[in-house]
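> Got a structure for you, questions after.
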DNA sequence: ACTATAGCGGAGGCTTGCCTCCGGTACTAG
DNA sequence: CTAGTACCGGAGGCAAGCCTCCGCTATAGT
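Chains as they are written, first to last, in this note's numbering: chain V, 1 to 190; chain C, 1001 to 1190.
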């Protein structure tokens, strides 16, 4: 619920000035995060407004289209992911990459949605993807240079693999972790 | 489009007797397969009827609930999957498992839906899962006994891993194959 | 404290999908 | 060929979601 770091990635809608408006804006973003996590991209906007304790009109004023709202949530998550890349930078090559991917899995409140939309092209998506790549690629390259990662895998392959696994249904968290581990082991040289 | 092998898994709705009815039934099933593949479980029933060239009433007569329709499509796919398990049986242990999983990926017109619903419990789902497990588990065990597969992986882990990857968005078929290969490599002993 | 105005919120028109019901059609058995 | 009936199909009522519009409210600057 880190509700004060806002834009930075430029494309973002800007936070309102008046105090009540700002409160509503944040409540909407937070409700939207939950809703998207739970129902994917198709979550009901009226439901989101309701959960935020706000009229539907207010939602539309802040986020004229569903895409605007989704982008804002999504960009927030991407930012956190970029920050995480910095935090793991001092681990050994493979461990750093692994830790970051683990983070990728945990953060994704937008999991389901990211998974559905990974190919979509919109301005915000392009920017977000670029930022995410800029953050993760170095970790990936470093691991590859250190010989800790097969050379026939691409960074994009790995991201999609992980997001696929992230979005899938598992019996429990243990299983998710176990499966992720299996898949990541496939990335190491034999 | 193998539209003549029907039930066998018992739970299925039975195929009508009158010729026009049978034609409609099959058209619905086929349209539903496409629709579920494209839009997941939530596909519009009216759209399905339209695509099948049939009135909405006819759809409801054959499949009183959305679940009934989905189950029928799903069971069809599971049957084909069971059949595939027999066909690969004479390959070497690892290759057999790999080929079957490959088949799993290709067949899944219900991919997206399977992915969404893997945890759902309904009569039909239980039966289908059991059948699928009965078909695949031997391949899995054989590979494990032959030392071609790590011993800390469960069959269920693998199925979920593969169905996660299957449902994810990829740039092209090549990438999907590549990623699947990466993940499967993680299953082999080091 | 006062006021101009940014911001609120929900009523309501519209679309889309769900599902039922029943007058009409066309298959099949005899 | 004919009759009986199984089956067809879509009209129509209902629910849910989308989005706009505008009279009312609360805030912030003086």
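Yeah, the Cβ is synthetic: ideal placement off N, Cα and C, and Gly gets one too.
1. Using a Cβ-Cβ cutoff of 8 Å, what residues of the segment 125 to 148 of chain V are near chain C? List them in chain order.
2. Along chain C, in chain order, which residues have C-beta atoms closer than 7 Å to that of residue 153/V?
3. What first and last residue would you give for the alpha helix (DSSP H) that runs through residue 160/V?
4. Sorted by chain position, which residues of the same chain lie with C-beta nearer than 8 Å to residue 78/V's C-beta, five sequence neighbours on each side aside?
5. Whose C-beta lies closer than 6 Å to the C-beta of residue 1146/C among residues of the same chain, with five residues either side of it excluded?
6. Give the DSSP-derived three-state secondary structure of residue 93/V in the structure shown.
7. For residue 26/V, which of helix, strand or coil comes out of DSSP?
8. Can you tell me whether DSSP reads residue 65/V as helix, strand or coil?
9. Do residue 54/V and the ligand ATP come close, with the Cβ less than 7 Å from some heavy atom?
10. State the Cα-Cα distance for the pair residue 19/V and residue 1123/C, rounded to the nearest angstrom.
11. Whose C-alpha, out of 1014/C, 1154/C, 1134/C, is nearest the C-alpha of residue 171/V?
12. Please state if the CB of residue 96/V and the CB of residue 86/V are separated by a distance shorter than 8 Å.
13. Are any of the Cβ atoms in chain C nearer than 8 Å to that of residue 172/V?
14. May I have the straight-line CA-CA distance separating residue 199/V from residue 1161/C, to the nearest angstrom?
15. Let me check understanding here. Comparing Cα to Cα, which of 1040/C, 1140/C, 1058/C lies closest to residue 1021/C?
16. Under the rule that 16 or more other beta-carbon atoms within 10 Å means buried, what is residue 106/V, buried or exposed?
17. If distances are taken between C-alpha atoms only, which option among 38/V, 27/V, 64/V, 39/V comes closest to residue 54/V?
18. Kindly indicate which three-state DSSP category residue 1189/C falls into: helix, strand or coil?
19. Chain V partners of residue 1167/C, CB-CB under 9 Å?
20. Name the chain C residues whose beta carbon is nearer than 8 Å to that of residue 157/V?
21. Is the CB-CB distance between residue 1182/C and residue 136/V below 8 Å?
22. Report the CB separation of residue 98/V from residue 159/V in whole angstroms; it is logged as a contact under 8 Å.
23. At the level of alpha carbons, what is the spacing between residue 1062/C and residue 1050/C?
24. Using a Cβ cut-off of 8 Å, which residues of the segment 60 to 83 of chain V contact any Cβ in chain C, in chain order?
25. What is the C-beta distance between residue 178/V and residue 1157/C, in whole angstroms, given that I count them as a contact (C-beta under 8 Å)?
So, from the data block:
1. none
2. Here residue 153/V is taken as the residue at index 153 of the first chain, counted from 1. Near residue 153/V (Cβ distances below 7 Å), the residues of chain C are 1182.
3. Mapped onto the first chain, residue 160/V falls at position 160. Segment 155 to 167, the alpha helix (DSSP H) holding residue 160/V.
4. The residue given as residue 78/V occupies position 78 in the first chain. Counting only Cβ-Cβ distances below 8 Å, and skipping sequence neighbours, we find 9, 128, 131, 132.
5. Indexing the second chain from 1 puts residue 1146/C at position 146. The residues are 1093.
6. For the purposes of this step, residue 93/V is identified with residue 93 of the first chain, where counting begins at 1. In this structure, residue 93/V counts as helix in the three-state DSSP scheme.
7. Along the first chain, read from residue 1 onward, the residue named residue 26/V stands at position 26. Reduced to three states, the DSSP call for residue 26/V is helix.
8. By 1-based counting over the first chain, the position of residue 65/V is 65. In the structure shown, residue 65/V sits in coil (DSSP, three-state: anything other than H, G, I, E or B).
9. Annotation note on the ligand ATP: not contained in the displayed structure, which lists no ligands.
10. Numbered from its first residue, the first chain carries residue 19/V at position 19. Numbered from its first residue, the second chain carries residue 1123/C at position 123. Distance between the alpha carbons of residue 19/V and residue 1123/C is about 53 Å.
11. Position 171 of the first chain, counted from the first residue, corresponds to residue 171/V. It is 1154/C.
12. Position 86 of the first chain, counting from 1, holds the residue named residue 86/V. Position 96 of the first chain, counting from 1, holds the residue named residue 96/V. For residue 86/V and residue 96/V, no; Cβs fall outside 8 Å.
13. Looking up residue 172/V in the first chain gives position 172. No, no contact with chain C.
14. Shown here, chain V extends from 1 to 190; a query on residue 199/V therefore has no answer.
15. Within the second chain, the letter at position 21 stands for residue 1021/C. Of the listed residues, the one whose Cα sits closest to residue 1021/C is 1058/C.
16. To locate residue 106/V, count along the first chain from 1; it is residue 106. The residue is exposed, with fewer than 16 neighbouring Cβ atoms inside 10 Å.
17. Counting from one through the first chain, the residue named residue 54/V turns up at place 54. Taking only the C-alpha atoms, the option nearest residue 54/V is 27/V.
18. On the second chain, position 189 is the one that residue 1189/C refers to. Residue 1189/C falls in the coil class under three-state DSSP.
19. For the purposes of this step, residue 1167/C is taken as residue 167 along the second chain, with counting starting at 1. Correct list: 115, 164, 167, 168.
20. Position 157 of the first chain, counted from the start, is the residue given in the question as residue 157/V. Per Cβ cutoff of 8 Å: 1175, 1178, 1179, 1182.
21. One-based indexing of the second chain puts residue 1182/C at position 182. One-based indexing of the first chain puts residue 136/V at position 136. Cβ atoms of residue 1182/C and residue 136/V: not closer than 8 Å.
22. Start at 1 with the first residue of the first chain, and residue 98/V comes out as number 98. Start at 1 with the first residue of the first chain, and residue 159/V comes out as number 159. About 14 Å; that fails the 8 Å criterion.
23. Position 62 of the second chain, counting from 1, holds the residue named residue 1062/C. Position 50 of the second chain, counting from 1, holds the residue named residue 1050/C. Those two C-alpha atoms are separated by around 15 Å.
24. none
25. Indexing the first chain from 1 puts residue 178/V at position 178. Indexing the second chain from 1 puts residue 1157/C at position 157. Confirmed, Cβ separation roughly 6 Å.
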